[in-house]
Amino acid sequence: MANDLSTPLTGRKRKDQSRRHWPIARILLALLVLIGAGFAARILLVNDPDGGRPSQDVAITATRNSNEIANAVRDEPVTITADPQQYPAGTADPSAALGAPDQFGALPDLSEETAQGPIPRISAAGLTPFAAYKRPADAALASGKPMVAIVVGGLGINEQGSLAAIDQLPKQATLAFAPYGKTLTSTVAAARSAGHEVLLEIPLEPFDYPQNDPGPQTLLTGEPTRANLDKLFWLMSRFGGYAGLVNNMGARFTASAADFAPIMEELGARGLGYLDDGSSARSVAPQLAGGNKVPFARAEIMIDANPSRQAIQQALGSLEQKAMENGQAIGMVSALPISIAAVAEWATELEGKGITLVPASALMK
Numbered sequence: 006m007a008n009d010l011s012t013p014l015t016g017r018k019r020k021d022q023s024r025r026h027w028p029i030a031r032i033l034l035a036l037l038v039l040i041g042a043g044f045a046a047r048i049l050l051v052n053d054p055d056g057g058r059p060s061q062d063v064a065i066t067a068t069r070n071s072n073e074i075a076n077a078v079r080d081e082p083v084t085i086t087a088d089p090q091q092y093p094a095g096t097a098d099p100s101a102a103l104g105a106p107d108q109f110g111a112l113p114d115l116s117e118e119t120a121q122g123p124i125p126r127i128s129a130a131g132l133t134p135f136a137a138y139k140r141p142a143d144a145a146l147a148s149g150k151p152m153v154a155i156v157v158g159g160l161g162i163n164e165q166g167s168l169a170a171i172d173q174l175p176k177q178a179t180l181a182f183a184p185y186g187k188t189l190t191s192t193v194a195a196a197r198s199a200g201h202e203v204l205l206e207i208p209l210e211p212f213d214y215p216q217n218d219p220g221p222q223t224l225l226t227g228e229p230t231r232a233n234l235d236k237l238f239w240l241m242s243r244f245g246g247y248a249g250l251v252n253n254m255g256a257r258f259t260a261s262a263a264d265f266a267p268i269m270e271e272l273g274a275r276g277l278g279y280l281d282d283g284s285s286a287r288s289v290a291p292q293l294a295g296g297n298k299v300p301f302a303r304a305e306i307m308i309d310a311n312p313s314r315q316a317i318q319q320a321l322g323s324l325e326q327k328a329m330e331n332g333q334a335i336g337m338v339s340a341l342p343i344s345i346a347a348v349a350e351w352a353t354e355l356e357g358k359g360i361t362l363v364p365a366s367a368l369m370k
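Residues 6 to 370 (our numbering) are what the sequence shown spells out, left to right.
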């Protein structure tokens, strides 16, 4: 009886429970599968990885490996030359368009800051330091007369002696300053104000180094390239306004193409000239300068190798003879008072001999 009475009630209870309990887990799983399938279909069919988010293309300028000059020098050394049409019409000196020199004598657009200090570089418009800082000699070049250049080395260490040389020498004389003087900035500025062209002397390793030592920061053979370039940058940062470099000693260094080549490549990349003092017949400077488009010349005579007045006069006579034979000649002379006096007197007689005194840059190819 009890079982009969309870049977209908139990059946209804089970039916009610079956109506109330849905397979929720299965439904959620199905929904997740459908959503995943939808995303996959969108990626495959629409090909929009940004998912429809708003986007805009923006040009990005990278600084890494953006220096075209440096990259070109790494593969094939080149020099950029100035285009005179890039400067204001009627500007006789293209450097005049670049503003006033800084405290180091360098034009701001021709100067690059380094850890050692400011060093020369080619301007953004392509003007080279050689073109900007050399002394113009267009009239002398057009005259067709034999030309001679005098380069006075070793200036800057003795301030009073340097200032005396600046006052005595004709403005066509090129003055080379050692990188060690305490008053280099003011002394070089005085030279340039007097109209002189200026070069930087760099110490290079001789064969008997260190018994014969050109000075601190001498560039040495067998050293890592980076070490020699660091020395070069230190030397180049001592003052500004120079058109090029000239060696001080260096018979061993200038004979080593492996050591000298990176230095000449750097000069080509920075638009500087190089003058070989002619002291070593083994120098590979002519070949390296030509390969890197570096304005170059080689001195023929050391005027005061024998620092006596008579020997100096004879050497100057030999320089004249070479100019008459070859059309041009360059002589090197030290900053000894006797040498300065002899050269200053000699220079006053040149025009009467049909020879023109020009800055060294005028004879650098």
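Note that CB positions come from ideal geometry on N, CA and C, so glycine has one too.
**Q.** Spatially closest choice to N253 from Q121, V338, Q177, S148, by CA coordinates
**A.** V338
Grouping DSSP H, G and I as helix and E and B as strand, with all else coil, what is P312? coil
Using the Cβ count rule (16 or more neighbours within 10 Å means buried), how would you classify T353? Taking a 10 Å sphere around the C-beta of T353, we find fewer than 16 other C-beta atoms and assign the residue as exposed.
Q) Going straight from the alpha carbon of Y138 to that of K327, what length do you get? A) 27 Å
Q. In the structure shown, what three-state DSSP assignment does L2 receive?
A. In the structure as shown, the chain starts at 6 and stops at 370, and residue 2 therefore has no counterpart that could be examined.
Mapping DSSP to helix, strand and coil, what is M369?
-> coil
- [ ] Could you check the C-alpha separation between K176 and A320 for me, to the nearest Å?
- [x] 21 Å
- Task: Kindly indicate which three-state DSSP category A302 falls into: helix, strand or coil?
- Result: Strand at A302.
Whose CA, out of D172, D281, D114, R126, lies closest to the CA of L160?
Distance from the Cα of L160 is smallest, within the candidate group D172, D281, D114, R126, for D172.
For a quick check, are the C-beta atoms of A248 and S323 less than 8 Å apart? Contact flag unset, no.
Worksheet item: With respect to the alpha helix (DSSP H) encompassing G166, which residues constitute its N-terminal and C-terminal limits?
Response: 164-173
Examine the Cβ distances between the region 328-348 and the region 303-315 and report whether three or more of them are shorter than 8 Å.
-> yes
- Message: So, at 8 Å on beta carbons, what are the nonlocal neighbours of E228 in its own chain, with the 5 sequence-adjacent residues on each side left out?
- Response: D264
Please state whether DSSP places I65 in a helix, a strand or coil.
For I65, the pLDDT reaches just 31, beneath the cut-off of 50, and the residue's location in the model is therefore unreliable, although a value from the coordinates is still provided. Note: I65 maps to coil in three-state DSSP.
Roughly how many angstroms separate the alpha carbons of E118 and P125, rounded to a whole number?
9 Å
Same chain, Cβ closer than 8 Å to A346, neighbours up to 5 away in sequence not counted: Spatial neighbours of A346 in its own chain (CB-CB distance under 8 Å, excluding positions within 5 residues in sequence) are listed in chain order as Q173.
**Prompt:** For D281, does the count of other Cβ atoms within 10 angstroms reach 16, so buried, or fall short, so exposed?
**Reply:** With 16 or more other Cβ atoms within 10 Å, it is buried.
Residue(s) in a DSSP beta bridge with F182: L160, L205
Using 10 angstroms around the beta-carbon of E330, count the other beta-carbons present and answer buried if the total reaches 16, otherwise exposed.
A residue is called buried once 16 or more other Cβ atoms fall within 10 Å of its Cβ, and E330, having fewer, is exposed.
Tell me whether the beta-carbon of Y214 lies closer than 8 Å to the beta-carbon of R257.
yes
Tell me whether I3 is buried or exposed, calling it buried when 16 or more other Cβ atoms sit within 10 Å of its Cβ. Because the chain spans 6 through 370 in this model, residue 3 falls outside it and cannot be assessed.
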